[in-house]
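Undergrad: Right, I'll just put the structure down here and ask away after.
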Amino acid sequence: MEKVFAEIEKKIPQKREGMKGKVYHWLKRAEWPVISKKDAKDLQDSLHKLETELGIAINVDIEYISRTVLERVRANEILEWLEGHSFDSEQSEMQSDLQTKMTAGTGTHLLQSKELKEWLADGEASKAFWCRGARGAGKSTQISAVICNLESKWREGVHSSYEERAMGYTYFYITPNCLKDLTASKIIITLLLQLLKQVTSGDSDPNKASFPQAIIDLAGPSVRSGRIPLRQELTKAFIESAKCQQFPKGVFLAIDNLHLLPVQDRSDRATDLIEGIYEFLTEVQRSAKIKLLLCSGNAYMNHFLGDTEDIKPFELAATPQDLKTYLNHKIEGEDPKARRFRADLRQEEGLTKEMVIEELIAKSDKSFLLPALQMKELFNSSRASSISDVLKSLPPTFLDIYQADLSKIRDLQHEESLRAKIAISWAYFARRNLSAYELECAVSFGRANQGGNLPRRMNTIKIDKILDWCQGLLILSEDVESNGEDLILGGSTRVQFVHSTVYELLRDQLDLIQRIEEDIARECITYINETDLTEIVSDDVSSRGWREAKARKYGLLSYSAEMWGFHANRANNSEIDDLAIQLLQQESKLEILLDKLPKGASTYGEGDLLTAMGFHVAIHFNYLRVAKLMVDKGLGQINPETTVQTFEGDIIESKTPLMWAIISDAKDVSEWLVQTGANPNIKIENWSPLHWAIAKGKYDIAKLLLDNGADPNLQTSDKNETPLVFAAILGLLDISKLLVNYGASIAAHDIEYMTVAHHAARAGQLPFLQWAIDQGCDPQAKANGNTTALSAACYQGHTKVVSYLLKLQKYPTEELSALLDWSVQKGHIEVVCALLVAGADTNYPAHGGWVKNQRTSDGVGTSQGVDDEPCYWTPLQRASRNCNIGMMQLLLNYGASISEKSGGEWDSKGWVRNSLGTESQKAEGLELLERWEREHS
Numbered sequence: 001m002e003k004v005f006a007e008i009e010k011k012i013p014q015k016r017e018g019m020k021g022k023v024y025h026w027l028k029r030a031e032w033p034v035i036s037k038k039d040a041k042d043l044q045d046s047l048h049k050l051e052t053e054l055g056i057a058i059n060v061d062i063e064y065i066s067r068t069v070l071e072r073v074r075a076n077e078i079l080e081w082l083e084g085h086s087f088d089s090e091q092s093e094m095q096s097d098l099q100t101k102m103t104a105g106t107g108t109h110l111l112q113s114k115e116l117k118e119w120l121a122d123g124e125a126s127k128a129f130w131c132r133g134a135r136g137a138g139k140s141t142q143i144s145a146v147i148c149n150l151e152s153k154w155r156e157g158v159h160s161s162y163e164e165r166a167m168g169y170t171y172f173y174i175t176p177n178c179l180k181d182l183t184a185s186k187i188i189i190t191l192l193l194q195l196l197k198q199v200t201s202g203d204s205d206p207n208k209a210s211f212p213q214a215i216i217d218l219a220g221p222s223v224r225s226g227r228i229p230l231r232q233e234l235t236k237a238f239i240e241s242a243k244c245q246q247f248p249k250g251v252f253l254a255i256d257n258l259h260l261l262p263v264q265d266r267s268d269r270a271t272d273l274i275e276g277i278y279e280f281l282t283e284v285q286r287s288a289k290i291k292l293l294l295c296s297g298n299a300y301m302n303h304f305l306g307d308t309e310d311i312k313p314f315e316l317a318a319t320p321q322d323l324k325t326y327l328n329h330k331i332e333g334e335d336p337k338a339r340r341f342r343a344d345l346r347q348e349e350g351l352t353k354e355m356v357i358e359e360l361i362a363k364s365d366k367s368f369l370l371p372a373l374q375m376k377e378l379f380n381s382s383r384a385s386s387i388s389d390v391l392k393s394l395p396p397t398f399l400d401i402y403q404a405d406l407s408k409i410r411d412l413q414h415e416e417s418l419r420a421k422i423a424i425s426w427a428y429f430a431r432r433n434l435s436a437y438e439l440e441c442a443v444s445f446g447r448a449n450q451g452g453n454l455p456r457r458m459n460t461i462k463i464d465k466i467l468d469w470c471q472g473l474l475i476l477s478e479d480v481e482s483n484g485e486d487l488i489l490g491g492s493t494r495v496q497f498v499h500s501t502v503y504e505l506l507r508d509q510l511d512l513i514q515r516i517e518e519d520i521a522r523e524c525i526t527y528i529n530e531t532d533l534t535e536i537v538s539d540d541v542s543s544r545g546w547r548e549a550k551a552r553k554y555g556l557l558s559y560s561a562e563m564w565g566f567h568a569n570r571a572n573n574s575e576i577d578d579l580a581i582q583l584l585q586q587e588s589k590l591e592i593l594l595d596k597l598p599k600g601a602s603t604y605g606e607g608d609l610l611t612a613m614g615f616h617v618a619i620h621f622n623y624l625r626v627a628k629l630m631v632d633k634g635l636g637q638i639n640p641e642t643t644v645q646t647f648e649g650d651i652i653e654s655k656t657p658l659m660w661a662i663i664s665d666a667k668d669v670s671e672w673l674v675q676t677g678a679n680p681n682i683k684i685e686n687w688s689p690l691h692w693a694i695a696k697g698k699y700d701i702a703k704l705l706l707d708n709g710a711d712p713n714l715q716t717s718d719k720n721e722t723p724l725v726f727a728a729i730l731g732l733l734d735i736s737k738l739l740v741n742y743g744a745s746i747a748a749h750d751i752e753y754m755t756v757a758h759h760a761a762r763a764g765q766l767p768f769l770q771w772a773i774d775q776g777c778d779p780q781a782k783a784n785g786n787t788t789a790l791s792a793a794c795y796q797g798h799t800k801v802v803s804y805l806l807k808l809q810k811y812p813t814e815e816l817s818a819l820l821d822w823s824v825q826k827g828h829i830e831v832v833c834a835l836l837v838a839g840a841d842t843n844y845p846a847h848g849g850w851v852k853n854q855r856t857s858d859g860v861g862t863s864q865g866v867d868d869e870p871c872y873w874t875p876l877q878r879a880s881r882n883c884n885i886g887m888m889q890l891l892l893n894y895g896a897s898i899s900e901k902s903g904g905e906w907d908s909k910g911w912v913r914n915s916l917g918t919e920s921q922k923a924e925g926l927e928l929l930e931r932w933e934r935e936h937s
């Protein structure tokens with residue numbers, strides 16, 4: 001075959017430089033999967049057919065081909081799906097924040113280092129690049145400079161050919177805030193999303209982007225179901241994407257702040273997180289196309305890289321020159337504190353700015369953080385001694401400075417000290433960064449609120465005063481004043497610790513703030529209880545307008561309603577549990593609580609929220625203790641007697657508690673409900689709990705259900721789909737094998753007689769299809785409308801599935817030819833090419849559902865009626881009507897007749913003139929047909 005291919009390459013005229021690679025690409029994808037060795041001579045003797053591939057490469061817009069490949073799963077749907085399960089916005093803000101705060105002339109030590117340049121240039125599989133160094137040495141800032149440099153190079157070459165593009169880049173900064181909800185899967189999804197955004201960068205229409213096939217294959221079924229793929233699937237997609245043609249020079253991956261991971265935590269969640277990241281990094285490191293950079297302290301690296309021979313250590317430190325530039329910039333700043341310091345410095349004899357800088361550098365321990373914190377002490381206008389004396393007595397480490405700051409907080413007046421501790425506690429325990437206004441409300445509420453009034457915009461303590469009380473341990477994400485709109489929920493200004501080391505200190509010494517999780521939970525519940533909801537809630541349960549409209553009046557309500565259950569669950573306190581039960585019994589509060597639950601096809605619909613009770617809200621938070629108490633008190637039922645309720649004449653079925661638990665990913669509650677006797681075979685809205693578990697991709701829950709009596713062959717009430725059909729659509733091989741082991745029938749079909757092979761082919765799940773056929777599923781089985789697995793794959797444009805099925809057996813010419821109609825109409829050019837190579841007839845007239853001799857004013861036929869005479873289109877007429885130039889070229893090269901009129905009164909040229917295309921497309925189409933007639937007359 002390769003000898004034949006070499007001869008073909010010589011004979012096909014090369015009309016454009018570099019076309020050889022494109023010809024090879026098309027031949028490999030369209031020809032080789034379906035042509036055996038014995039066909040080689042026929043292929044050699046039919047060079048005019050092989051010119052098709054060259055014609056496609058020359059005449060078809062690659063962006064157009066990308067759109068057809070992604071016709072079913074649009075690029076923007078993939079982006080939205082990934083964004084819903086990622087930390088993309090937080091990571092972008094972190095990268096931007098690091099660049100904004102970087103002092104000009106600093107932070108490029110790593111970027112300019114010989115070691116990094118050599119490591120990046122190494123084309124072979126290389127060691128992971130390990131950036132270590134003292135905490136506060138500016139490691140994150142220096143890594144952000146590398147990312148920024150790679151980003152600039154990528155943008156410069158984004159419109160170049162693939163071969164000329166720069167290295168792709170991905171990154172993840174682990175922060176105290178994201179740790180609250182961090183999983184290995186979310187990290188990988190964030191990295192995948194970054195890759196896709198690079199593919200679409202520079203193009204206003206993301207649908208034009210040629211996404212890596214690995215991501216398309218992964219997203220197809222997952223977008224529809226909303227499920228998060230398994231970590232192994234995500235890892236494979238990321239590694240394969242790094243190898244694709246969009247990233248010819250590979251992908252740079254940086255993960256920073258590994259030392260923040262809870263490696264000492266022995267809980268199931270922490271263990272899963274650590275093991276998941278370890279497995280991902282282990283797989284990534286084996287790829288020659290991924291450059292892995294990790295940043296952490298020495299004590300944590302053995303959890304991720306194992307043998308030290310696998311890493312290339314690099315000591316990251318603040319260089320003396322960088323420190324000098326940084327400190328000079330701070331002292332020469334225009335803020336009032338810097339000006340006051342310079343005025344005081346001029347009053348001291350024998351002390352200059354240069355001397356101060358040199359002294360700070362000498363004490364810096366190669367860290368930016370320490371002199372920055374020491375500078376705060378020097379800038380303090382209330383210092384009791386001279387600058388010289390303060391300089392001599394500065395704490396030697398940043399931990400000492402933090403301890404000194406905490407001592408100052410304790411020495412404040414009682415009310416101020418209490419409010420400072422409240423602010424720090426909220427910053428530590430909150431599951432996301434609070435806006436400045438939210439923190440104002442939090443500090444003005446609760447134990448320190450002497451007046452008992454709910455904090456409003458006019459009576460909150462302002463953020464600048466709160467930050468002063470906190471002695472600089474908390475800062476705003478941007479240098480802005482507390483002046484209104486931007487500080488409302490959703491604004492850009494957030495409160496954060498001055499450095500992640502503050503979080504580490506508090507994590508190890510929580511007694512320093514004298515505050516625990518139950519305080520946050522209590523205040524969230526109390527805030528909800530004391531808020532007057534009568535003017536907030538709306539008749540439409542799906543409306544969220546109250547949040548924006550009332551943010552000024554009830555600034556902490558959104559956070560409290562969204563997060564109270566997580567804090568209460570983690571508090572593990574019986575008093576808090578009692579408060580939670582009281583809250584969940586208040587029907588007047590349920591709407592505000594339910595409004596914060598996620599809505600969508602894969603979570604809860606409007607009907608669910610209409611029928612939900614407090615018991616369901618407890619389940620949503622995986623709040624097992626309260627769920628048990630509510631059952632004991634008769635406030636919830638494991639197997640409700642009825643799930644049917646009527647609302648304004650509409651009959652709505654509410655999901656069972658077990659279904660809520662599965663949809664909410666509430667693993668603890670799910671296990672408890674099953675073990676307590678929840679019915680695993682009840683069907684609500686057509687689905688059983690097992691169907692829901694598979695739709696969410698939950699292997700453990702599926703096994704739990706099967707172990708406790710779930711029927712593996714239970715069909716949905718509407719379409720008779722078994723759990724195995726759901727697994728086929730989603731491509732869940734592990735769950736499919738589990739179902740078969742528990743007795744699931746591989747031959748089962750739905751109400752339309754579609755088997756799992758049909759569903760897998762239609763969903764593009766090639767590995768599952770291959771497995772199902774090996775298990776005995778008939779690939780030739782016909783469903784209603786004579787639908788086969790091949791026709792389902794052709795209709796959806798799954799080229800790999802089509803090629804596999806064509807290679808599996810020989811199909812009659814008439815069947816292959818009939819499949820051309822929809823494939824041509826939907827623009828699946830690669831599928832059409834595979835069908836033609838397999839023997840489809842380009843002049844076969846297929847019933848297209850249009851009426852002969854009848855057309856609208858624009859020349860397009862009207863829909864066929866009962867008594868209308870059907871018309872039969874040839875593939876070329878169909879392509880001409882759509883003015884699909886690439887498809888027309890393909891069909892012509894395979895012998896399509898231009899003069900055929902079976903599809904109405906026009907031949908192909910007539911259909912081009914009366915097509916749906918633009919005037920320029922029509923002109924191009926006519927020029928193609930006329931040129932073809934001249935050259936082949």
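Numbered according to UniProt numbering, the sequence shown terminates at residue 937, and the numbering increases by one at each position without gaps.
Where a beta carbon is used, it is the ideal one built from N, C-alpha and C, also for glycine.
Quick caveat, the model's predicted, so the values are computed rather than measured.
(1) Between which residues of its own chain and D734 is the CB-CB distance below 7 Å, once the five residues before and five after are set aside?
(2) Name the residue from P767, A270, C131, E151 whose alpha carbon lies nearest to the alpha carbon of S96.
(3) Less than 8 Å between the C-beta atoms of V669 and A627, yes or no?
(4) Let me confirm a value: D858 is counted as buried when at least 16 other C-beta atoms fall within 10 Å, else exposed. Which label applies?
(5) Have a look at K826, E814, G764 and flag the residue whose alpha-carbon is nearest the alpha-carbon of S803.
(6) Report buried or exposed for M355, applying the criterion of at least 16 other Cβ atoms within 10 angstroms of its Cβ.
(7) Going straight from the alpha carbon of A896 to that of S920, what length do you get?
(8) Can you grab the Cα-Cα spacing for the pair L406 / S382, in whole Å?
(9) Quick check: the Cα distance between A923 and K249, rounded to an integer number of angstroms?
(10) What whole-angstrom Cβ distance do I239 and I290 have, given they're in contact under 8 Å?
(11) Could you give the DSSP three-state label for F445: helix, strand or coil?
(12) Looking at V837: is its Cβ nearer than 8 Å to the Cβ of G797?
(13) Please tell me whether A879 has its Cβ less than 8 Å away from any Cβ of chain D.
(14) Let's see if you can read the secondary structure: which residues bound the beta strand (DSSP E) around E315?
(15) So T170 is in the beta strand (DSSP E); what residue range does that whole segment cover?
(16) Counting only the same chain and skipping the five closest in sequence on each side, list residues whose C-beta sits under 7 Å from that of K28.
(17) Could you give the residue range of the beta strand (DSSP E) that holds D256?
(18) Which class does K353 belong to by DSSP, given the choice of helix, strand or coil?
(19) If you draw a straight line from the alpha carbon of L928 to that of L193, how long is it in whole angstroms?
(20) Between which two residues does the beta strand (DSSP E) harbouring Q496 extend?
(21) Starting from I729, follow the alpha helix (DSSP H) in both directions and report where the run begins and ends.
(22) Please report the residue range of the beta strand (DSSP E) in which A131 lies.
(23) Rounding to the nearest angstrom, what Cα-Cα distance links N573 and L98 in this structure?
(24) Evaluate D519 with the Cβ neighbour count: other Cβ atoms within 10 Å of its Cβ, from every protein chain shown; 16 or more gives buried, anything less gives exposed.
(25) With 16 as the cutoff for other CB atoms within 10 Å, does K392 come out buried or exposed?
(26) Whole angstroms is fine: what's the gap from N708's alpha carbon to I701's?
(27) Provide the residue(s) that pair with S435 in DSSP beta bridges, ordered along the chain.
(28) Excluding the five sequence neighbours on either side, which residues of its own chain have a C-beta within less than 8 Å of the C-beta of L684, listed in chain order?
(29) Bridge partners of T787, per DSSP?
(30) Apart from the five residues on each side of it in sequence, which residues of its chain come closer than 7 Å, Cβ to Cβ, to E671?
(31) Please report the residue range of the alpha helix (DSSP H) in which I662 lies.
(32) To the nearest angstrom, report how far apart L434 and S688 are at their CA atoms.
(33) Distance check for R881 and G917, CA to CA, integer angstroms please.
(34) How about I746 and C777: do their beta carbons lie closer than 8 Å?
(35) Can you name the residues that DSSP bridges to C295?
TA: Walking through what the data contain:
(1) As a working mapping, residue 734 is identified with position 734 in the sequence shown. Y699, listed in sequence order.
(2) Numbered from its first residue, the sequence shown carries residue 96 at position 96. Cα-wise, what sits closest to S96 is E151.
(3) Position 669 of the sequence shown, counted from the first residue, corresponds to residue 669. Position 627 of the sequence shown, counted from the first residue, corresponds to residue 627. Going by C-beta atoms, V669 is nearer than 8 Å to A627.
(4) One-based indexing of the sequence shown puts residue 858 at position 858. Bear in mind that the predicted position of D858 carries a pLDDT of just 34, short of 50, making it too unreliable to give a figure here.
(5) Position 803 of the sequence shown, counted from the start, is the residue given in the question as residue 803. The option with the nearest alpha carbon to S803 is G764.
(6) As a working note, residue 355 is residue 355 in the sequence shown. Looking at its Cβ environment, which holds fewer than 16 other Cβ atoms inside 10 Å, M355 is exposed.
(7) Residue numbering aside, residue 896 sits at position 896 when the sequence shown is read from its first letter. Residue numbering aside, residue 920 sits at position 920 when the sequence shown is read from its first letter. Approximately 23 Å between the Cα atoms of the pair.
(8) Reading the sequence shown from its first residue, position 406 is the one you call residue 406. Reading the sequence shown from its first residue, position 382 is the one you call residue 382. Each residue's Cα considered, the two are about 17 Å apart.
(9) Reading the sequence shown from its first residue, position 923 is the one you call residue 923. Reading the sequence shown from its first residue, position 249 is the one you call residue 249. When rounded, the distance between both Cα atoms is 40 Å.
(10) Taking the sequence shown and counting its residues from 1, the one referred to as residue 239 is at position 239. Taking the sequence shown and counting its residues from 1, the one referred to as residue 290 is at position 290. At roughly 7 Å, the Cβ-Cβ gap stays under 8 Å, so I239 and I290 are in contact.
(11) To locate residue 445, count along the sequence shown from 1; it is residue 445. F445: coil per DSSP, three-state reduction.
(12) Numbered from 1 along the sequence shown, position 837 holds the residue referred to as residue 837. Numbered from 1 along the sequence shown, position 797 holds the residue referred to as residue 797. No.
(13) The structure shown contains no chain D; it holds only a single protein chain.
(14) Reading the sequence shown from its first residue, position 315 is the one you call residue 315. Per DSSP, E315 belongs to the beta strand (DSSP E) from 311-315.
(15) Along the sequence shown, one-based indexing puts residue 170 at 170. Unbroken beta strand (DSSP E) run through T170: 168-173.
(16) One-based indexing of the sequence shown puts residue 28 at position 28. Since pLDDT at K28 reaches only 46, below the 50 mark, its modelled position is unreliable, and the value read off the structure follows with that caveat. Hits under 7 Å: none found.
(17) By 1-based counting over the sequence shown, the position of residue 256 is 256. Unbroken beta strand (DSSP E) run through D256: 251-256.
(18) Here residue 353 refers to the residue found at position 353 when the sequence shown is read from its first residue. In this structure, K353 counts as helix in the three-state DSSP scheme.
(19) To locate residue 928, count along the sequence shown from 1; it is residue 928. To locate residue 193, count along the sequence shown from 1; it is residue 193. Straight-line Cα distance between these residues: approximately 40 Å.
(20) Sequence index remark: in the sequence shown, residue 496 carries index 496 (1-based). Per DSSP, Q496 belongs to the beta strand (DSSP E) from 495-497.
(21) Counted from its first residue, the sequence shown places residue 729 at position 729. Per DSSP, I729 belongs to the alpha helix (DSSP H) from 723-730.
(22) As a first step, residue 131 is located in the sequence shown; it is residue number 131 there, counting from the start. Rather than Ala, the amino acid found at residue 131 in this sequence is Cys. Where C131 is concerned, the enclosing beta strand (DSSP E) stretches over 128-132.
(23) Here the question's residue 573 lines up with position 573 in the sequence shown. Here the question's residue 98 lines up with position 98 in the sequence shown. Distance between the alpha carbons of N573 and L98 is about 39 Å.
(24) As a working mapping, residue 519 is identified with position 519 in the sequence shown. Buried is the call here.
(25) Stepping through the sequence shown from its first residue, residue 392 is reached at position 392. Per the 10 Å Cβ criterion, exposed.
(26) For the purposes of this step, residue 708 is taken as the residue at position 708 of the sequence shown. For the purposes of this step, residue 701 is taken as the residue at position 701 of the sequence shown. So the alpha carbons of these two residues sit roughly 11 Å apart.
(27) Stepping through the sequence shown from its first residue, residue 435 is reached at position 435. R494.
(28) Here residue 684 is taken as the residue at index 684 of the sequence shown, counted from 1. Checking the displayed sequence, the identity of residue 684 turns out to be Ile instead of Leu. T643, E653, S654, K655, T656, M659.
(29) As a first step, residue 787 is located in the sequence shown; it is residue number 787 there, counting from the start. DSSP output for T787 lists A783 as bridge partner(s).
(30) The residue you call residue 671 lines up with position 671 of the sequence shown. Around E671: L704.
(31) Start at 1 with the first residue of the sequence shown, and residue 662 comes out as number 662. From DSSP, the alpha helix (DSSP H) with I662 extends over 657-663.
(32) Within the sequence shown, the letter at position 434 stands for residue 434. Within the sequence shown, the letter at position 688 stands for residue 688. So the two alpha carbons sit approximately 39 Å from each other.
(33) In the sequence shown, counting from the first residue as 1, residue 917 sits at position 917. In the sequence shown, counting from the first residue as 1, residue 881 sits at position 881. The alpha-carbon atoms of G917 and R881 are separated by roughly 8 Å.
(34) Within the sequence shown, residue 746 is the residue found at index 746, counting from 1. Within the sequence shown, residue 777 is the residue found at index 777, counting from 1. For I746 and C777, yes; Cβs fall inside 8 Å.
(35) Taking the first residue of the sequence shown as 1, we reach residue 295 at position 295. According to DSSP, which records beta bridges pairwise, C295 is partnered with C131.
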